[in-house]
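Colleague: Just so you know, the protein sequences line up as chains A and B, in that order.
Residue numbering for the first sequence follows numbering that gives the first Met the number 0, beginning at 0 and increasing consecutively.
Residue numbering for the second sequence follows numbering that gives the first Met the number 0, beginning at 0 and increasing consecutively.
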Amino acid sequence: MMVAFWIAGGVAVAATGMVITRKNAMHALLYLVVSFLALAVVFYVLGAPLIAALEVIIYAGAIMVLFLFALMLLGLSTRHERQERAWMRPQGWVLPGLLTAVLLAELIYVMASGGPGAAPGAAPGPLEVKDVGMSLFGPYLLGVELASILLLAGLVAAHRLTREDPEDELQ
Amino acid sequence: MSAIPMGYALGLAAILFALGLVGVLVRRNIIFVLASIEVMLNAAGLAFLAAGARWGRADGQVMFVFILAVAAAEVSVGLAIALKCRRHLGTLDIDAISKLKD
Numbered sequence: 000m001m002v003a004f005w006i007a008g009g010v011a012v013a014a015t016g017m018v019i020t021r022k023n024a025m026h027a028l029l030y031l032v033v034s035f036l037a038l039a040v041v042f043y044v045l046g047a048p049l050i051a052a053l054e055v056i057i058y059a060g061a062i063m064v065l066f067l068f069a070l071m072l073l074g075l076s077t078r079h080e081r082q083e084r085a086w087m088r089p090q091g092w093v094l095p096g097l098l099t100a101v102l103l104a105e106l107i108y109v110m111a112s113g114g115p116g117a118a119p120g121a122a123p124g125p126l127e128v129k130d131v132g133m134s135l136f137g138p139y140l141l142g143v144e145l146a147s148i149l150l151l152a153g154l155v156a157a158h159r160l161t162r163e164d165p166e167d168e169l170q
Numbered sequence: 000m001s002a003i004p005m006g007y008a009l010g011l012a013a014i015l016f017a018l019g020l021v022g023v024l025v026r027r028n029i030i031f032v033l034a035s036i037e038v039m040l041n042a043a044g045l046a047f048l049a050a051g052a053r054w055g056r057a058d059g060q061v062m063f064v065f066i067l068a069v070a071a072a073e074v075s076v077g078l079a080i081a082l083k084c085r086r087h088l089g090t091l092d093i094d095a096i097s098k099l100k101d
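Shown next as C-alpha cells:
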C-alpha cells in the first residue's frame, strides 16, 4: 500500500507541475486529468473507495469535460499559445515561486514538528460506505441542502452569464 | 484502516496546494487560473480525507463531498465568466477584467 501511495503521489505532483507550466491549455487539462486519477488512487489507498470513485466520475469526468467543452467554445489557436509564451516570462515566476516555497516549507515544518499526538482511544474499524451515507444524511443533512442550493445558484448563474440576448448586454 | 501515516498524506496535500497557489499567482490565462483553483480544492479535500482516515471518522469523506459540490458550482460559474470575457473583451487575460473598478 505504501508503494502505491508513493507512486500515485509522485505522479500527482508531477502532473500538477506540468499543468501549471504548459502553454497549450488542452495539454494542461489532460495533465490535470492524470493528476486527478493519481489522486483517486491516493484516496483509495487512504481507505476511501467511495471518494476515489467520486473523484474519477465527477472531477476527472464531469468537471474536466466541462473544461474541455469551454475550451472548444473558446476556440484557442496557436496565436494564443504565442501569447501565453509572452505572458510566461521567467522573471514573473521567481517571486511567487519563492514565496510559495517558503509557505510550503513552513507548512511541512509545522506538520513534522507539532502534529497531533497519538490517536485518541483504540484504532477504529475500517470505514464503510454506509458510515459515510449515515453521516451525510444524518448530522450533515443541512449541509446537503445548502450544497443543493449552491448548485442551483451555480446553474442559474451559468445560464444567465452565457445567454446571448443583445438587450441583456452589460453596459 | 489505512496503513499510510497521516503526515505523508498531509505533506502531499501541502505540496499540491502550493503548486496550485503558484499556478494562481503566476498564470494570466483565466482557464489556467481555474484549473489551479481546482488543484487547490482537491488538495484541501485530500487533507480532510487524511484527517478523517486518521481518526476513523466519516466526517472527512462527507467534507470531501461538499468540496466536490463547491468545486462543481465554482467551475461552472468561472467558465461562464471566461466565455463572457472572451466574447466582450476578446481576450482571456484575467487582468483585463477590471471594469468593476471604473
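We put the CB at the ideal spot given by N, CA and C, even for glycine.
In terms of residue numbering, what span does the alpha helix (DSSP H) encompassing residue 37 of chain B cover?
Modeller: Counting along the chain, the alpha helix (DSSP H) containing residue 37 of chain B begins and ends at 29-54.
Colleague: Against chain C, with Cβ distances strictly below 9 Å, would residue 43 of chain B count as a contact?
Modeller: Of the protein chains in this structure, namely A and B, none is chain C.
Colleague: Nearest by alpha-carbon distance to residue 63 of chain A: which of B/61, B/74, B/26 is it?
Modeller: It is B/74 whose Cα lies nearest to the Cα of residue 63 of chain A.
Colleague: Mind reading off the beta-carbon distance from residue 59 of chain B to residue 110 of chain A? Whole number of angstroms is fine, and I expect it under 8 Å.
Modeller: Residue 59 of chain B to residue 110 of chain A, Cβ: 16 Å. No contact.
Colleague: Counting C-beta neighbours from all protein chains within 10 Å, is the total for residue 48 of chain B 16 or more, i.e. buried, or is it exposed?
Modeller: So residue 48 of chain B ends up on the buried side.
Colleague: Taking 8 Å as the threshold, find out whether the region 83-99 of chain B comes into contact with the region 13-20 of chain B through three or more Cβ pairs.
Modeller: Touching, no.
Colleague: Using a Cβ-Cβ cutoff of less than 7 Å, which residues in the same chain neighbour residue 34 of chain A once the five nearest sequence positions on both sides are dropped?
Modeller: Within the same chain, residue 34 of chain A has close Cβ partners 11, 14, 15, 18.
Colleague: How would you write the range of the alpha helix (DSSP H) that residue 17 of chain B sits in, first residue to last?
Modeller: Note, residue 17 of chain B: alpha helix (DSSP H), 5-25.
Colleague: Out of curiosity, what's the CA-to-CA distance linking residue 162 of chain A and residue 5 of chain A?
Modeller: Those two C-alpha atoms are separated by around 46 Å.
Colleague: Would you say the region 138-149 of chain A touches the region 55-72 of chain B, given that touching needs at least three Cβ pairs under 8 Å?
Modeller: Touching, yes, given that three or more Cβ pairs across the two stretches are closer than 8 Å.
Colleague: Residues of chain A with CB closer than 7 Å to the CB of residue 10 of chain B, please, in chain order.
Modeller: Within chain A, the residues near residue 10 of chain B are 107, 110.
Colleague: Taking the alpha-carbon of residue 12 of chain B as reference, which of B/80, B/56, B/38, B/68 has the nearest alpha-carbon?
Modeller: Among B/80, B/56, B/38, B/68, the Cα nearest to that of residue 12 of chain B belongs to B/38.
Colleague: What are the residues of the region 66-82 of chain B that lie near chain A, defined by any Cβ-Cβ distance shorter than 8 Å?
Modeller: So the close ones are 67, 68, 69, 70, 71, 72, 73, 74, 75, 76, 78, 79, 80, 81, 82.
Colleague: Which residues does DSSP list as the beta-bridge partners of residue 92 of chain B?
Modeller: BP columns for residue 92 of chain B point to B/28.
Colleague: Kindly indicate which three-state DSSP category residue 99 of chain A falls into: helix, strand or coil?
Modeller: The answer is helix: DSSP assigns residue 99 of chain A an H, G or I state.
Colleague: Within this structure, are the beta carbons of residue 23 of chain A and residue 80 of chain A separated by less than 9 Å?
Modeller: Contact: yes.
Colleague: Rounded to whole angstroms, what is the Cα-Cα separation between residue 184 of chain A and residue 102 of chain A?
Modeller: Absent from the structure is residue 184 of chain A, since the part of chain A shown begins at 0 and ends at 170.
Colleague: Anything in chain A within Cβ reach of residue 89 of chain B, meaning under 9 Å, just list it in chain order.
Modeller: Those do not exist, as residue 89 of chain B stays about 11 Å from chain A at its closest Cβ, beyond 9 Å.
Colleague: Please decide whether residue 97 of chain B counts as near chain A, where near means a Cβ-Cβ distance under 9 Å.
Modeller: For residue 97 of chain B, the answer is no, since every Cβ of chain A falls outside 9 Å of its Cβ.
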